[in-house]
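A.B. asks:
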Amino acid sequence: MIEYINGMETDLIIYNAFIATMNEDNPTATALAVKDGQFCAVGDDAEMMKLVGPSTKVINANKRMLIPGLNDSHMHLIRGGLNFNLELRWDGVPSVADALRMLKKQVDRTPPPHWVRVVGGWTEFQFKERRMPTLEEINRIAPHTPVFILNLYRQAFLNKAALRVIGYTKDTPNPPGGEIQRDSQGNPTGMLIARPNATILYATLAKGPKLSYEDQMNSTRLFMRELNRFGVTSVIDAGGGFQNYPDDYKVFAELDKRGEITVRTAYHLFTQNLGHELNDFKNWTESTKPYTGSSFYRHNGAGEMLVYSAADFEDFVEPRPELPAVLEDELFEVTEHLAKHRWPFRLHATYGESITRFLDVIERVNKEAPFKDIRWIIDHAETIQEKDLERVISLGGSIAVQNRMAFQGEYFVDRYGAKAAEHAPPITKMLTAGLRVGVGTDATRVASYNPWLALYWLVTGKTLGGLSLYPASNRVDRHQALRMYTTGNAWFSKEEDVKGQIKAGHYADFTILSDNFFQVSEEDIKKIESVFTVVGGKIVYGTHEFQALSPPAPKASPDWSPQNFFGGYYNGLYDGGDGSGVQPYRQQRLHHSCNHHHGSGFCDLDCFVF
Numbered sequence: 014m015i016e017y018i019n020g021m022e023t024d025l026i027i028y029n030a031f032i033a034t035m036n037e038d039n040p041t042a043t044a045l046a047v048k049d050g051q052f053c054a055v056g057d058d059a060e061m062m063k064l065v066g067p068s069t070k071v072i073n074a075n076k077r078m079l080i081p082g083l084n085d086s087h088m089h090l091i092r093g094g095l096n097f098n099l100e101l102r103w104d105g106v107p108s109v110a111d112a113l114r115m116l117k118k119q120v121d122r123t124p125p126p127h128w129v130r131v132v133g134g135w136t137e138f139q140f141k142e143r144r145m146p147t148l149e150e151i152n153r154i155a156p157h158t159p160v161f162i163l164n165l166y167r168q169a170f171l172n173k174a175a176l177r178v179i180g181y182t183k184d185t186p187n188p189p190g191g192e193i194q195r196d197s198q199g200n201p202t203g204m205l206i207a208r209p210n211a212t213i214l215y216a217t218l219a220k221g222p223k224l225s226y227e228d229q230m231n232s233t234r235l236f237m238r239e240l241n242r243f244g245v246t247s248v249i250d251a252g253g254g255f256q257n258y259p260d261d262y263k264v265f266a267e268l269d270k271r272g273e274i275t276v277r278t279a280y281h282l283f284t285q286n287l288g289h290e291l292n293d294f295k296n297w298t299e300s301t302k303p304y305t306g307s308s309f310y311r312h313n314g315a316g317e318m319l320v321y322s323a324a325d326f327e328d329f330v331e332p333r334p335e336l337p338a339v340l341e342d343e344l345f346e347v348t349e350h351l352a353k354h355r356w357p358f359r360l361h362a363t364y365g366e367s368i369t370r371f372l373d374v375i376e377r378v379n380k381e382a383p384f385k386d387i388r389w390i391i392d393h394a395e396t397i398q399e400k401d402l403e404r405v406i407s408l409g410g411s412i413a414v415q416n417r418m419a420f421q422g423e424y425f426v427d428r429y430g431a432k433a434a435e436h437a438p439p440i441t442k443m444l445t446a447g448l449r450v451g452v453g454t455d456a457t458r459v460a461s462y463n464p465w466l467a468l469y470w471l472v473t474g475k476t477l478g479g480l481s482l483y484p485a486s487n488r489v490d491r492h493q494a495l496r497m498y499t500t501g502n503a504w505f506s507k508e509e510d511v512k513g514q515i516k517a518g519h520y521a522d523f524t525i526l527s528d529n530f531f532q533v534s535e536e537d538i539k540k541i542e543s544v545f546t547v548v549g550g551k552i553v554y555g556t557h558e559f560q561a562l563s564p565p566a567p568k569a570s571p572d573w574s575p576q577n578f579f580g581g582y583y584n585g586l587y588d589g590g591d592g593s594g595v596q597p598y599r600q601q602r603l604h605h606s607c608n609h610h611h612g613s614g615f616c617d618l619d620c621f622v623f
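For the sequence shown, this note's numbering gives the first residue as 14, with consecutive numbering after it.
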């Protein structure tokens with residue numbers, strides 16, 4: 014079956030592919046055509062070849078699987094981009110030995126006064142040793158260079174050099190949001206613990222150097238390319254603590270102006286002023302309108318933080334936090350204001366007890382200012398109660414889940430038990446109830462940005478450590494998982510009419526995969542990458558047989574950045590310390606050539622959340 018928009022000379026044709034279109038009216042095809050950044054035809058090879066013109070680029074997909082570009086409904090791309098060049102990533106690293114080897118090489122090349130930092134994307138359960146690195150190991154590797162290593166929203170490791178630079182001593186009191194672990198003499202050991210929340214982790218991280226504006230531009234380009242490496246072409250950015258609007262959005266706005274965005278981004282605005290949250294949203298509703306911007310960079314509403322009193326911080330090692338009594342009044346003020354201004358919003362909500370209280374408020378607001386046609390989202394919802402699913406539906410809401418349990422499931426089971434973990438979150442109950450369910454990663458502070466880890470979690474119900482959390486009744490099949498990650502997520506940015514399907518008139522955002530997602534073993538889902546990614550009809554990434562078609566990766570700055578030597582998500586690159594002689598990982602499957610170079614500096618987020 015051919016879908017075709019008449020009267021168009023095509024720019025690009027892909028043929029000899031296995032195309033999963035996500036279009037129920039035309040679910041499979043072997044070829045597609047693109048014109049002016051949109052799909053103009055979808056069908057078989059013979060039909061597409063009739064559309065070849067004198068300037069058409071024609072590409073053989075070599076029978077590989079081709080899907081719509083993946084769309085993460087909850088990520089912190091803007092913040093991640095500003096900091097990507099600074100970070101040594103342990104995402105996917107298979108052992109503590111490998112992680113420490115990488116750390117040692119980066120310590121040796123990092124000049125003062127800069128730090129080496131590992132910020133999120135890993136869990137001890139991914140390592141074959143099934144343990145964390147120790148402070149003794151870190152101090153031995155780095156006696157003079159400050160090192161900061163963040164593990165989830167649970168703890169941070171600081172070596173002695175970092176303690177000296179920051180000034181944490183025996184006389185430093187614990188802040189209100191965190192604990193400085195001490196030895197028997199009262200001296201800081203280097204371990205910071207997120208108890209009762211993670212304020213201390215981000216306040217400490219904020220003390221490091223930052224990237225210059227130009228390096229932030231470079232860093233953001235490289236982070237988007239890294240997402241393109243995994244077939245991600247769209248993201249909904251959930252804001253972040255101390256991610257100030259408009260200042261911290263200027264880099265992305267400039268990249269949009271230059272036409273250099275390779276991951277379409279719909280961004281949310283996250284309150285920045287404790288005790289003055291309503292003022293933030295009053296200012297923003299005057300200056301900004303939802304769904305305005307370009308097709309690559311547009312505003313998507315408020316959140317994920319609306320009021321700080323509603324922040325039910327997730328650390329499954331620690332007890333569930335008790336939220337203050339003031340949250341109802343504060344949340345009512347903000348959500349009523351948003352409803353009256355017809356602003357969509359999203360709300361961070363981990364625990365069922367919190368969600369029940371939030372919904373009480375939202376029901377009150379709905380009586381004063383109905384939510385009809387406002388798209389609003391409960392984020393995370395690991396322990397939402399079944400009775401509250403119907404309340405969300407009746408209020409016109411939706412839920413966005415992320416694979417945080419793939420990184421923290423073992424801790425959840427230790428505290429709450431395996432039975433409680435079976436439906437944390439209750440994904441299939443949400444779907445059966447008729448809820449719109451988005452899916453994503455919540456990268457980069459806790460989980461990795463690799464979408465195939467999230468798809469693996471949806472399909473298998475397992476953690477990265479191999480622990481089976483969910484029975485078959487709370488898992489989805491591969492078609493459903495892919496549908497959620499493409500056409501399903503498009504609804505959350507009100508783009509379901511132009512995004513998420515390979516269909517005439519939709520954005521020409523697609524990826525050709527290293528392996529067939531529908532056919533590989535469950536464990537091999539985690540190894541899938543893109544070999545060819547296109548956004549708006551423009552080739553943004555290519556490797557293996559498509560490498561010659563790929564635009565070159567920009568050189569990162571400064572030269573000593575971890576991204577120059579290791580890239581982002583683990584690909585087995587070890588360089589002997591000088592950037593030469595890299596050995597491609599899984600070379601027989603996928604040749605990945607990475608010459609990233611990233612910058613210096615540290616996140617200025619001294620807020621604990623998200």
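Using N, Cα and C, we set each Cβ at its ideal position, and we do this for glycine too.
1. What is the residue span of the beta strand (DSSP E) that Ser543 lies within?
2. By the DSSP assignment, the alpha helix (DSSP H) with Trp470 in it spans what residues?
3. Just mark Thr123 as buried or exposed, buried being the case when its beta carbon has 16 or more other beta carbons within 10 Å.
4. Between which two residues does the beta strand (DSSP E) containing Met78 stretch?
5. Using only CA atoms, which one of Met145, Phe545 and Met204 lies nearest to Asn172?
6. Is the beta carbon of Gly288 sitting closer than 8 Å to the one on Pro357?
7. Can you say whether His157 is buried or exposed, counting buried as having 16 or more other CB atoms within 10 angstroms of its CB?
8. Looking at the strands, I want to know which residues DSSP matches up with Gly133.
9. When DSSP labels each residue in this structure, what does Ala211 get in the three-state scheme?
10. List the DSSP bridge partners of Asp85.
11. Of all the beta strand (DSSP E) runs that stay within the bounds of the region 257 to 315, which reach a length of 3 or more residues?
12. Report the CB separation of Gly631 from Ala211 in whole angstroms; it is logged as a contact under 8 Å.
13. According to the neighbour-count rule (16 or more other Cβ atoms, all chains shown, within 10 Å of its Cβ), is Val426 buried or exposed?
14. With which residues is Leu45 paired in a DSSP beta bridge?
15. Check the C-beta distance from Arg388 over to Lys507 and give it rounded, since I have them as a contact under 8 Å.
16. Measure the CB-CB distance between Arg359 and Glu317 and report whether it falls below 8 Å.
17. Quick one, which of Val47, Met88, Gly56 and Met78 has its alpha-carbon nearest Val71's?
18. Rounded to the nearest angstrom, what separates Thr34 and Lys118 at their Cα positions?
19. Of all the options Val511, Phe420, Ser534 and Arg208, which has the alpha carbon lying nearest to the alpha carbon of Phe326?
20. On the DSSP bridge list, what partners appear for Lys162?
21. Assuming Trp465 and Phe243 form a contact by the criterion Cβ under 8 Å, report the distance between their Cβ atoms to the nearest whole angstrom.
22. Going by the CB atoms, is the gap between Gly93 and Ala413 shorter than 8 Å?
23. Tell me, please, whether the region 84 to 100 touches the region 221 to 229 by the rule of three or more beta-carbon pairs shorter than 8 Å.
24. Could you tell me which of Ser225, Leu477, Lys475 and Phe505 sits nearest to Val450, measuring between CA atoms?
25. What number of angstroms, rounded off, separates the C-alpha of Leu163 from the C-alpha of Thr348?
26. Taking contact to mean at least 3 C-beta pairs separated by less than 8 Å, is the region 546 to 566 in contact with the region 471 to 489?
27. Is DSSP giving Phe358 helix, strand or coil here?
28. Specify the secondary structure class of Tyr181 as computed by DSSP and reduced to three states.
29. From what residue to what residue does the beta strand (DSSP E) around Asn73 run?
30. Could you check the C-alpha separation between Ile4 and Leu79 for me, to the nearest Å?
31. Buried or exposed: which applies to Thr500, given that a residue is buried once 16 or more other Cβ atoms fall within 10 Å of its Cβ?
32. Rounded to whole angstroms, what is the Cα-Cα separation between Ser574 and Glu100?
33. Helix, strand or coil: which one does DSSP assign to Ala324?
34. Identify the residues that DSSP records as bridge partners of Phe523: which are they?
35. Compare the C-alpha of Val132 against each of Pro259, Leu113 and Trp103 and name the closest.
36. Kindly provide the ranges of any alpha helix (DSSP H) runs that are 4 or more residues long and lie completely inside the region 424 to 497, ordered along the chain.
C.D. replies: Taking the coordinates as given:
1. Ser543 to Val548
2. Pro464 to Thr473
3. buried
4. Met78 to Pro81
5. Met204
6. no
7. exposed
8. According to DSSP, which records beta bridges pairwise, Gly133 is partnered with nothing at all.
9. coil
10. Val248
11. 277 to 282 and 310 to 315
12. Residue coverage of the chain in this structure runs from 14 to 623, which leaves residue 631 outside it and unanswerable.
13. buried
14. Ile27 and Val55
15. 6 Å
16. yes
17. Val47
18. 44 Å
19. Arg208
20. Correcting the residue identity first, residue 162 is Ile in this sequence and not Lys. Note: Ile162 sits in a beta bridge opposite Val131 and Phe170.
21. 6 Å
22. no
23. yes
24. Phe505
25. 33 Å
26. no
27. strand
28. coil
29. Lys70 to Asn73
30. Because residue 4 is not part of the residues shown, which for the chain are 14 to 623, the question remains open.
31. buried
32. 8 Å
33. coil
34. Pro81 and Val547
35. Trp103
36. 431 to 434, 440 to 446, 464 to 473 and 491 to 496
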